[in-house]
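Numbering (my numbering), first residue to last: 342 to 594.
Working notes for the structure below.
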């Protein structure tokens with residue numbers, strides 16, 4: 342699965358799943374632009390010439406345009422786009438403050454739209470173009486208290502399917518991956534918030550969550566990165582418009 346000579350962009354690539362994906366792509370030979378709106382998350386990307394740190398808030402069209410331009414000026418057109426930037430958090434339907442709803446939907450869904458639109462202007466046709474959008478198993482079912490996150494991740498799947506058909510004639514594939522519980526800071530936050538909402542301890546909530554996963558454990562970020570590595574390889578040229586679960590059997594939909 343060599344990616345020698347390929348240029349990749351991973352949004353939200355400074356921590357968790359995004360960082361694991363960036364490192365996996367680089368290990369396969371790609372040059373990887375690592376984007377984050379938090380400059381503190383980009384320190385590792387300064388350590389090797391295969392990485393290019395890019396400070397970018399995907400909610401901001403101007404920052405997306407300047408970030409993509411920076412990559413093009415340094416390395417040329419992007420071959421592989423990983424729309425991973427995302428945030429979560431409780432958004433109960435009775436909360437009168439809609440700021441968190443807007444932040445979650447704009448970061449996860451609108452941000453993926455802005456970045457994809459910009460990158461596609463320059464992505465070469467019939468030259469191994471790959472777009473992977475990171476959704477979630479919560480893009481396939483609902484969870485109480487997470488209406489914004491579920492809406493955004495459901496939206497990512499619809500976005501993936503529509504764009505896949507728009508660009509299929511250019512030889513570009515577009516797929517979504519849907520992780521379940523993964524050992525990340527976002528998962529820890531979700532456990533703590535959900536436990537508080539239910540009035541139980543985080544330990545009790547986590548134990549119950551593990552029991553609901555058929556393989557009886559959370560996944561590791563590098564397992565998700567392995568799926569991405571396959572989907573951006575030549576071996577996956579026939580896969581497009583799909584929303585692929587990686588969740589330990591948590592959902593079969």
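Cβ atoms here follow ideal geometry from the backbone N, Cα and C, with glycine treated the same way.
Please read all numbers here as calculations on a predicted model, not as lab measurements.
| Check | Outcome |
| --- | --- |
| Within the stretch 447-491, ranges of the alpha helix (DSSP H) (whole runs, at least 4 residues) | 452-461 |
| Run of the alpha helix (DSSP H) containing residue 562, from where it starts to where it stops | 562-572 |
| Straight-line Cα distance separating residue 479 from residue 284 | Because the chain in this structure spans residues 342 to 594, residue 284 falls outside the shown range and cannot be described. |
| Boundaries (first-last residue) of the beta strand (DSSP E) holding residue 351 | 348-352 |
| Proximity to residue 449 [Cα-Cα], best of 414, 438, 401 and 464 | 401 |
| Three-state secondary structure (DSSP) of residue 377 | strand |
| CA nearest to the CA of residue 368, picked from 468, 349 and 353 | 349 |
| Continuous alpha helix (DSSP H) stretch holding residue 395: start and end | Residue 395 -> not in any alpha helix (DSSP H); beta strand (DSSP E) instead, spanning 392-396. |
| For residue 558, three-class secondary structure by DSSP | coil |
| Reduced DSSP secondary structure (H/G/I, E/B, other) of residue 520 | strand |
| Bounding residues of the alpha helix (DSSP H) (the contiguous stretch that carries residue 423) | Taken as a continuous stretch (DSSP letters only), residue 423 belongs to no alpha helix (DSSP H), being part of the beta strand (DSSP E) at 421-424. |
| Unbroken beta strand (DSSP E) run spanning residue 584, endpoints | 584-587 |
| Other residues of its chain near residue 372: CB distance less than 6 Å, five sequence neighbours each side excluded | 348, 391 and 416 |
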